[in-house]
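Peer 1: This is the structure, below, for whatever I ask next.
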């Protein structure tokens, strides 16, 4: 009724205002959508930029790691050509490099001895020796990786328990094949089997004093390497005299136990084939 009372001009004014409001709302909505679109574009651009920066950092880090590895390898190569006295003059805190690390790994891996029946560990130990040593590696009076394993098996199966720890490890020579010297502390629990294996001439009255005792044996070991840091010789000198003296407290008793003791590698003696029985059937 009221609209009917309005003049044409008033109605036109009202329609114009309504149209303007609608237009402003539409413009406001478009502006809001535009801002949202711009925000999404900005966020995507930011993420893309950060992704590229991250990829660039990864590439740079990888390149630097490769460069450091190459420099370290170069340093190792140079150490092989320089006498130890000059190496220590340049790098007083020299830790021995790869060869000393190999010696430490050897003791760590064999710290409880070697038992061929423990398949997983024994395979790991054999693979380690194959990786670090030449096939004809010299071991005290024997030759070859199997000789090392056989001697470890001999100790492990004879003593009730075996435990080793590295007390000291130093490189004594770097050029023309490195030499690593290590002092190893061993704890060997004596059994009747170990007495018969290593001390076959031990007097009977001393056996009961030894069985069940734990010998603390200090050994000086030398790992000798070639120019490619491959192990070519391994020697050890164990002080069983002091170890037994701490148990028996009698040097004469120690001498009796050590009489004709057998510590080193025992080579297998080939068994001669039995003579064939002479064929006499042709004799009439």
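Residue numbers (full-length UniProt numbering): 1 to 284. Built from N, CA and C at the ideal position, the CB exists for glycine as well. Model, not experiment: these values are computed from the prediction.
(1) For residue 151, count neighbouring Cβ atoms within 10 angstroms of its own Cβ and tell me buried if that reaches 16, exposed if not.
(2) Which two residues bound the contiguous beta strand (DSSP E) that contains residue 224?
(3) Going by beta-carbon coordinates alone, are residue 257 and residue 188 separated by less than 8 Å?
(4) What three-state label does DSSP hand residue 197 in the structure shown?
(5) Rounded to a whole number of angstroms, what is the C-alpha to C-alpha distance between residue 136 and residue 145?
(6) Please confirm whether residue 114 and residue 65 have their CB atoms less than 8 Å apart.
(7) Work out the CA separation of residue 110 and residue 160 for me, nearest whole Å.
(8) For residue 151, which of helix, strand or coil comes out of DSSP?
(9) Let's test the definition: count the other Cβ atoms within 10 Å of the Cβ of residue 46 and tell me whether it reaches 16, buried, or not, exposed.
(10) Just how far apart, CA to CA, sit residue 62 and residue 229?
(11) Tell me which same chain residues have a C-beta within less than 7 Å of the C-beta of residue 167, skipping the five on either side of it?
(12) CA-CA distance, residue 7 and residue 14?
(13) In chain order, what residues of the same chain lie with their CB nearer than 6 Å to the CB of residue 180, ignoring the 5 residues before and after it?
(14) Following the continuous alpha helix (DSSP H) through residue 144, name the residue where it begins and the one where it ends.
(15) Report the option in 134, 142, 141 and 190 whose CA atom is closest to the CA atom of residue 157.
(16) Would you call the CB atoms of residue 286 and residue 211 closer than 8 Å?
(17) Going by beta-carbon coordinates alone, are residue 125 and residue 162 separated by less than 8 Å?
(18) Three-state secondary structure (DSSP) at residue 61?
(19) Provide the residue span of the alpha helix (DSSP H) that contains residue 205, from first to last.
(20) Would you kindly report the start and end of the unbroken beta strand (DSSP E) that includes residue 185?
(21) Could you check if residue 254 is buried or exposed, using at least 16 other CB atoms within 10 Å of its CB as the buried criterion?
(22) Nearest to residue 178 by alpha carbon, out of 58, 33 and 97?
(23) Let me confirm a value: residue 169 is counted as buried when at least 16 other C-beta atoms fall within 10 Å, else exposed. Which label applies?
(24) At the level of alpha carbons, what is the spacing between residue 239 and residue 58?
(25) Could you name the residues that DSSP lists as bridge partners for residue 169?
(26) Using three-state DSSP, classify residue 14 as helix, strand or coil.
(27) Mind checking whether residue 286 and residue 119 have CB atoms under 8 Å apart?
Peer 2: Walking through what the data contain:
(1) Within the chain shown, numbered from 1, the residue matching residue 151 stands at position 151. Here residue 151 is buried: its Cβ has 16 or more other Cβ atoms, across all protein chains shown, within 10 Å.
(2) Position 224 of the chain shown holds residue 224. Element bounds for residue 224: 214 to 225.
(3) Indexing the chain shown from 1 puts residue 257 at position 257. Indexing the chain shown from 1 puts residue 188 at position 188. Contact: no.
(4) Within the chain shown, residue 197 is the residue found at index 197, counting from 1. For residue 197, the three-state secondary structure derived from DSSP is helix.
(5) The count along the chain shown starts at 1 and reaches residue 136 at position 136. The count along the chain shown starts at 1 and reaches residue 145 at position 145. Just so you know, the alpha carbons of residue 136 and residue 145 end up roughly 7 Å apart.
(6) For the purposes of this step, residue 114 is taken as the residue at position 114 of the chain shown. For the purposes of this step, residue 65 is taken as the residue at position 65 of the chain shown. Taking 8 Å as the cut-off, the Cβ atoms of residue 114 and residue 65 do not count as close.
(7) For the purposes of this step, residue 160 is identified with residue 160 of the chain shown, where counting begins at 1. For the purposes of this step, residue 110 is identified with residue 110 of the chain shown, where counting begins at 1. Within the model, the alpha-carbon separation for residue 160 versus residue 110 is close to 16 Å.
(8) Along the chain shown, read from residue 1 onward, the residue named residue 151 stands at position 151. Residue state, collapsed to three classes: helix.
(9) Taking the chain shown and counting its residues from 1, the one referred to as residue 46 is at position 46. Exposed, by the Cβ-count rule.
(10) Taking the first residue of the chain shown as 1, we reach residue 62 at position 62. Taking the first residue of the chain shown as 1, we reach residue 229 at position 229. So the alpha carbons of these two residues sit roughly 27 Å apart.
(11) By 1-based counting over the chain shown, the position of residue 167 is 167. Closer than 7 Å at Cβ, skipping near neighbours: 183, 184 and 185.
(12) Locating residue 7 in the chain shown gives position 7, where the first residue counts as 1. Locating residue 14 in the chain shown gives position 14, where the first residue counts as 1. Cα to Cα, the separation comes out at about 11 Å.
(13) To locate residue 180, count along the chain shown from 1; it is residue 180. Excluding residues within five positions, the ones whose Cβ falls inside 6 Å are 99, 100, 103, 171 and 223.
(14) Sequence index remark: in the chain shown, residue 144 carries index 144 (1-based). Per DSSP, residue 144 belongs to no alpha helix (DSSP H) and is neither H nor E.
(15) Position 157 of the chain shown, counting from 1, holds the residue named residue 157. Of the residues 134, 142, 141 and 190, the one whose Cα lies closest to the Cα of residue 157 is 190.
(16) Look at the range of the chain in this structure, 1 to 284, and you will see that residue 286 is not part of it.
(17) Here residue 125 corresponds to residue number 125 of the chain shown, with the count starting at 1. Here residue 162 corresponds to residue number 162 of the chain shown, with the count starting at 1. With respect to the 8 Å criterion, residue 125 and residue 162 are not classified as neighbours on the basis of their beta carbons.
(18) Position 61 of the chain shown, counted from the start, is the residue given in the question as residue 61. Here DSSP, grouped into helix, strand and coil, assigns residue 61 to helix.
(19) As a first step, residue 205 is located in the chain shown; it is residue number 205 there, counting from the start. 204 to 210 is the span of the alpha helix (DSSP H), which, as asked, contains residue 205.
(20) In the chain shown, counting from the first residue as 1, residue 185 sits at position 185. Unbroken beta strand (DSSP E) run through residue 185: 179 to 189.
(21) Taking the first residue of the chain shown as 1, we reach residue 254 at position 254. Buried, since its Cβ has 16 or more Cβ neighbours within 10 Å.
(22) As a position in the chain shown, residue 178 is number 178, starting the count at 1. The shortest CA-to-CA distance from residue 178 to any of 58, 33 and 97 is the one to 97.
(23) Stepping through the chain shown from its first residue, residue 169 is reached at position 169. Only buried fits residue 169, as 16 or more other CB atoms lie within 10 angstroms of its CB.
(24) Along the chain shown, read from residue 1 onward, the residue named residue 239 stands at position 239. Along the chain shown, read from residue 1 onward, the residue named residue 58 stands at position 58. Answer to the nearest angstrom: the Cα atoms are 54 Å apart.
(25) Within the chain shown, numbered from 1, the residue matching residue 169 stands at position 169. According to DSSP, which records beta bridges pairwise, residue 169 is partnered with 182.
(26) Your numbering for residue 14 matches position 14 in the chain shown. Of the three classes helix, strand and coil, the one that applies to residue 14 here is helix, per DSSP.
(27) Look at the range of the chain in this structure, 1 to 284, and you will see that residue 286 is not part of it.
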